[in-house]
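Below is the structure:
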């Protein structure tokens with residue numbers, strides 16, 4: 010019994026740690042829905058994703074070998090340029106990483122090119138989507154983000170002899186992590202709404218997430234380019250890069266405020282001299 014409780018706590022912690030980038034994506038993506046419907050979009054998207062995660066867990070437990078074995082028709086090489094052994098796992102991770110990378114680049118480009126950011130907030134920007142489209146995006150990417158965590162959960166519960174008990178433990182962990190996401194999603198979205206400058210940081214974090222997933226997918230596919238194997242970005246490296254991004258953003262923000270304050274003081278002094 011103690012082993013089961015300990016495993017459940019470890020699974021919840023795992024889901025929480027790996028779910029940070031998922032929460033960030035949900036918060037940024039939900040902004041594309043109509044203003045009055047964004048909170049409902051986040052809740053509905055997460056609830057549907059929780060149910061589908063449990064379904065995905067059941068499927069993976071039954072046919073996990075299918076996702077790990079390379080597909081014969083996707084195994085080969087292109088001269089000396091590339092060699093590969095794609096399997097179901099690698100394809101899902103690569104597709105998810107590519108989509109996240111595309112989304113981050115598109116939103117960063119839109120942010121730079123937008124003439125009136127406030128106009129976009131009100132719901133008439135080019136990036137505005139229907140609520141159902143946003144919910145679909147949230148659900149799909151939630152499943153992509155959860156794929157690796159579910160496989161890790163299966164590994165953590167391998168010591169539990171009863172397969173039914175192991176499945177129940179994993180399902181409970183998914184539900185608990187989903188409820189935490191429901192609670193935190195609105196708070197993160199509210200924080201980003203009040204501190205819009207952190208949207209840039211969030212998008213670049215998603216950019217790094219996309220690169221991490223692409224390298225992981227390439228590693229799972231045993232992809233080699235010009236004889237050099239693609240190595241997946243380690244979680245340690247990922248969190249180190251994220252920490253550097255956050256620290257840089259904080260330092261730059263404070264330094265910018267200091268410069269603005271000094272410029273304002275110089276203008277005030279110049280005005281006072283002119284009046285004298």
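Numbering (the working numbering), first residue to last: 10 to 285.
Where is the CB? At the ideal position from N, CA and C, for every residue including glycine.
Per the Cβ contact rule, the segment 191 to 200 is not in contact with the segment 76 to 88 (fewer than 3 Cβ pairs under 8 Å). Take residue 231, set aside five residues on each side of it, and the residues of its chain with a beta-carbon closer than 6 Å to its own are 94, in chain order. Contact annotation: residue 105 and residue 222 have beta-carbon atoms nearer than 8 Å.
When beta bridges are read from the DSSP output, residue 274 appears opposite no residue. Distance between residue 249 and residue 215, taken at the CA atoms: about 14 Å. Within the same chain, Cβ atoms closer than 8 Å to the Cβ of residue 213 are found at 113, 117 and 254, the five residues on either side in sequence being excluded. Between residue 42 and residue 143, the C-beta gap is smaller than 8 Å, which places the two residues in contact.
Annotated three-state conformation of residue 42 is coil, per DSSP. About 21 Å separates the beta carbon of residue 201 from that of residue 187, a gap too long to meet the 8 Å contact definition.
DSSP places residue 85 in the uninterrupted beta strand (DSSP E) bounded by 84 to 87.
Secondary structure of residue 94 (DSSP, three-state): strand. Residue state for residue 141 is assigned as helix, using DSSP reduced to three classes. Of the candidates 246, 14, 199 and 69, the residue whose Cα lies closest to the Cα of residue 98 is 69.
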